[in-house]
Amino acid sequence: MSVGDENNGSSKKSAASDVACLTEANEPVQTPQKRQVRQGEVNCRWLYNQVQASRGLILIDTRSRDEYEKDSIPSALSIPPMENCRTLVDVESKLLEEQRFLFSSKRRKLRDVVLFGDAVKKSLIDDGNDSKSDTWLRKLERFIIDDGLVTSVKLLYDGFLTFKYRYPFYTTSALLDEVSGQLTRTMSGTHNLNYPNEILEGFLFLGNMWHAQSKQVVSHLGITHVVNASLDVGNIFESERVKYLNVTIKDRPEADIGSYFDTAYRFIESAKRAQHGRVLVHCTQGISRSATLIIMYLMRANNWSLVTAVNFVMASRGVVYPNQGFVKSLMVEEFRLYKGNSITSDEVDTMLQNLIPDRPVPLQVHLNKTESCSRCHKMFSLLEWKHKCSYCRKAFCSKCTSTRLANPDREKSAASNGAVDEQRPRRVCQVCVSRLWQINLPRSRKGLQSRMQQRCKHLNVNSLSTFGRTVCISYFEGAEPHVIMDVLKIRFGVKENQIIDISRDDGEPIRTVEEIVGLPDEAEVFVSVGKAGNIQEHSQRGSKQQLHGSSTTSKFGSSNYRQSFSRHYQERARQRFRRELQSPQDQFSRDRSSSEGVVDTLQQTETYGRHPDAPRARSFQMDTSNIEANSEAPSGVEDPEVAGRKFRELWKLSFPSMGVIEHTELLKIERPEILMDVMLGMSSLSCGALTLQEFSQRLIELGYADSDRQAVISLLDTARRAAGTVAG
Numbered sequence: 001m002s003v004g005d006e007n008n009g010s011s012k013k014s015a016a017s018d019v020a021c022l023t024e025a026n027e028p029v030q031t032p033q034k035r036q037v038r039q040g041e042v043n044c045r046w047l048y049n050q051v052q053a054s055r056g057l058i059l060i061d062t063r064s065r066d067e068y069e070k071d072s073i074p075s076a077l078s079i080p081p082m083e084n085c086r087t088l089v090d091v092e093s094k095l096l097e098e099q100r101f102l103f104s105s106k107r108r109k110l111r112d113v114v115l116f117g118d119a120v121k122k123s124l125i126d127d128g129n130d131s132k133s134d135t136w137l138r139k140l141e142r143f144i145i146d147d148g149l150v151t152s153v154k155l156l157y158d159g160f161l162t163f164k165y166r167y168p169f170y171t172t173s174a175l176l177d178e179v180s181g182q183l184t185r186t187m188s189g190t191h192n193l194n195y196p197n198e199i200l201e202g203f204l205f206l207g208n209m210w211h212a213q214s215k216q217v218v219s220h221l222g223i224t225h226v227v228n229a230s231l232d233v234g235n236i237f238e239s240e241r242v243k244y245l246n247v248t249i250k251d252r253p254e255a256d257i258g259s260y261f262d263t264a265y266r267f268i269e270s271a272k273r274a275q276h277g278r279v280l281v282h283c284t285q286g287i288s289r290s291a292t293l294i295i296m297y298l299m300r301a302n303n304w305s306l307v308t309a310v311n312f313v314m315a316s317r318g319v320v321y322p323n324q325g326f327v328k329s330l331m332v333e334e335f336r337l338y339k340g341n342s343i344t345s346d347e348v349d350t351m352l353q354n355l356i357p358d359r360p361v362p363l364q365v366h367l368n369k370t371e372s373c374s375r376c377h378k379m380f381s382l383l384e385w386k387h388k389c390s391y392c393r394k395a396f397c398s399k400c401t402s403t404r405l406a407n408p409d410r411e412k413s414a415a416s417n418g419a420v421d422e423q424r425p426r427r428v429c430q431v432c433v434s435r436l437w438q439i440n441l442p443r444s445r446k447g448l449q450s451r452m453q454q455r456c457k458h459l460n461v462n463s464l465s466t467f468g469r470t471v472c473i474s475y476f477e478g479a480e481p482h483v484i485m486d487v488l489k490i491r492f493g494v495k496e497n498q499i500i501d502i503s504r505d506d507g508e509p510i511r512t513v514e515e516i517v518g519l520p521d522e523a524e525v526f527v528s529v530g531k532a533g534n535i536q537e538h539s540q541r542g543s544k545q546q547l548h549g550s551s552t553t554s555k556f557g558s559s560n561y562r563q564s565f566s567r568h569y570q571e572r573a574r575q576r577f578r579r580e581l582q583s584p585q586d587q588f589s590r591d592r593s594s595s596e597g598v599v600d601t602l603q604q605t606e607t608y609g610r611h612p613d614a615p616r617a618r619s620f621q622m623d624t625s626n627i628e629a630n631s632e633a634p635s636g637v638e639d640p641e642v643a644g645r646k647f648r649e650l651w652k653l654s655f656p657s658m659g660v661i662e663h664t665e666l667l668k669i670e671r672p673e674i675l676m677d678v679m680l681g682m683s684s685l686s687c688g689a690l691t692l693q694e695f696s697q698r699l700i701e702l703g704y705a706d707s708d709r710q711a712v713i714s715l716l717d718t719a720r721r722a723a724g725t726v727a728g
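Going by UniProt numbering, the residue at position 258 of the sequence shown is 258; the numbering climbs one at a time, nothing skipped.
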């Protein structure tokens, strides 16, 4: 290096030190927040299944280097005990070059790590003595957690010796005679040799047709019985004293796989009674047919619910996905076993995505011992009868099962068995109603001639709480309107102190409950639910005003209420702000907001004729002191300044924590749906339910166009900044 280079290097170092000094002096360097690493313990069966699935695990052998060279798990890294190591960086510096590359920070980022060595004893974990618990396995675990790059760290508490004892064919010593990456040829082609997944330890395995054709797989696992649910593979090892059961069925939803449940269960149970019996259940891909038979066996043998059995199988083999027809057969089997189902037909997709936690067996097994309501825990008595829900088959009181719906699935099965009485409408609990996406209301109780002339209609209900999914309500002509309203309240969880607002798809509000049954077939409506806001009440003297919280139910609860607000109902679009306000003597009422949206109502009440001695009815109105001074203005002409003051006062009353967006800016919005989205966002930000970033992310998830989302977010950001300016 030349002198100039040395001078340049020294100048660069001095400049860097100056920058570092300035940084330390002016702005303290913040340490980046590390990820919270999950911890856990796993057994040998879990590790075996994960290795077969090629989940990208990082296996680390913490034993000595000599023990690692003798025998270990394939693809495992060796990090033997080291001295004078305080961080993971010290450990990396002492690794071999190849091991250091495989365990670099770039390669271990967002990966799952499994540490194994000798068996992890519970006494060492629970004992507080540092001399015993401070082993190299625990040290390395703490180093990786403190590093904060990986997703999770798990310990194999069985140890390597137990893994080798259970799977002697899947260690490095057993694979020394085979060339690395050697392919095993089967009758249907060439595939990488792997093994089926172990469902029940040492007994039940789930695989595909290539596993069933591999002699190594059958001999290594000690398979004695095979359930062949594939039409593409024959009974290859039948001559070698392997017993077979053929399930000749296609992987189609209309196939009747339930007819093989009894035969398959008896065959697997016979293998359990045999000495050293092991069963392989396979189909073509090991996804649908074979998985259905495995789930059925777990439900029967272990007394599990359908959800628990599916979750257990998916935890062992992640590609499991029975088709819809097979799931229905499993639901029929669950109902036959327990006289109830742990899921509804609408929850099937959610269950197959492994999003439903384990659920216990339906309580109908102990139905005779139930002495209280499953929901409100009210004791049954002579005056409080016990009722069964038509869907979940649990016991409820009459109040919790007040809804009567038709159950098409039960009606079809009852009709096939000749039980005509089972076709009548049945009670359904409120929990099941709140889960249904297809609600079938029964026929009205009228004469036979009128019942035959009734036409079935469908009402599609949308709401923000359903996240774009539609709730379909089917009803017959002549249905009572209040029945549909009661079902809507239960389905969307409307409480006594909340208000439900219903509007058509074009934004036109539905003023009376009778309009719902008058909608055409396949009509779409939008439902929003919110709490009652603060309103002003004039006392009977008329001189003193006070604010109080209103406890209201539905708009359709009272006929007087409907009549007083039916003339000037609010509109969900631009027309709501362009409508001319009435005279100052008119009384204005209630605004309300909720997490689902904002429903601002500016409505005019009328004074009805009444007897002088009759008590005066309550009237609700805004504070009109600001506009009484302009009461002499010509009728039909609105002062822009007064109109703006009215709008700002109503805005502050609706959104006290947000800044005001001028009505001129809102009138520039040409599309009513964009205006509605702005008001919904204002409600969410005002009540603190969502932040601006969270609301923007929610719009992206719902599929909004970038231009529409930017228009909504810009107005909301303007209101938020205006609120911060006023507060400052």
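Glycine included, every Cβ here is placed at the ideal spot set by N, Cα and C.
- Counting along the chain, the unbroken beta strand (DSSP E) around F116 starts and ends at D112 to F116.
- Per DSSP, R38 is one residue of the beta strand (DSSP E) stretching across R38 to V42.
- CA-to-CA, the gap between M82 and V37 works out to about 23 Å.
- Within the segment 80-116, complete beta strand (DSSP E) segments of at least 3 residues are found at 112-116, given in chain order.
- Around the Cβ of F467, a 10 Å sphere holds fewer than 16 other Cβ atoms; the residue is exposed.
- Bridge pairing for C472: Q438 and N460 [DSSP].
- If you draw a straight line from the Cα of P168 to the Cα of L175, it is about 10 Å long.
- DSSP places Y167 in the coil class of the three-state scheme, outside both helix and strand.
- For D146, the number of other beta carbons within 10 angstroms of its own is below 16, and it is reported as exposed.
- Secondary structure at D61: strand, using DSSP grouped into helix, strand and coil.
- Taking a contact as a CB-CB distance under 8 Å, the pair V320 and M314 counts as one, their CB atoms being some 5 Å apart.
- Counting every other CB atom within 10 Å of its CB across the protein chains shown gives R55 a total below 16, marking it as exposed.
- The straight-line gap separating the alpha-carbon atoms of K388 and A406 is approximately 14 Å.
- With contacts defined by Cβ atoms closer than 8 Å, R111 and I58 form a contacting pair.
- Contact between the segment 195-204 and the segment 95-110 is not established, with fewer than three Cβ pairs separated by less than 8 Å.
- Nearest Cα to Q285 within the set M296, V233, S259 and K243: V233.
- Under the three-state reduction of DSSP output, V361 falls in the coil class, being neither helix nor strand.
- Excluding sequence positions up to five before and after G325, its CB lies within less than 8 Å of the CB of R252, P253, E254, A255 and I257, all in the same chain and listed in chain order.
- For the set T162, T292 and D358, the Cα lying nearest the Cα of M331 is the one of T292.
- DSSP places V428 within a strand segment (E or B) once states are collapsed to three.
- The DSSP-derived three-state label of A395 is strand.
- The beta carbons of R721 and G681 sit no closer together than 8 Å.
- Within the UniProt domain "Tyrosine specific protein phosphatases" (265-317), the complete beta strand (DSSP E) segments at least 3 residues long are 279-282, listed from N- to C-terminus.
- By alpha-carbon distance to D90, the top candidate from I144, Q39, L115 and K70 is I144.
- Close CB contacts of P362 within its chain, under the 8 Å cut and outside five residues either way in sequence, are with S305, E334, Y338, K339, G340, N341, S342, C392, R393 and K394 (chain order).
- Take the alpha-carbon of E673 and the one of L459: they are about 21 Å apart.
- Check the Cα spacing between K652 and each of Y157, V461 and A719: the tightest is with A719.
- The three-state reading of DSSP puts E524 in strand, counting E and B together.
- DSSP, read as helix, strand or coil, puts G703 in coil.
- Straight across, the Cα-Cα distance linking S686 with M679 is about 10 Å.
- Judged by DSSP secondary structure, Y338 falls within the alpha helix (DSSP H) whose first and last residues are Q324 to Y338.
- Counting only the Cα atoms, I249 lies some 54 Å from L96.
- D158 carries a coil assignment under DSSP once its states are collapsed to helix, strand and coil.
- Here D717 is exposed. Its C-beta has fewer than 16 other C-beta atoms within 10 Å.
- Distance from the CA atom of S239 to the CA atom of S214, rounded to whole angstroms, is 15 Å.
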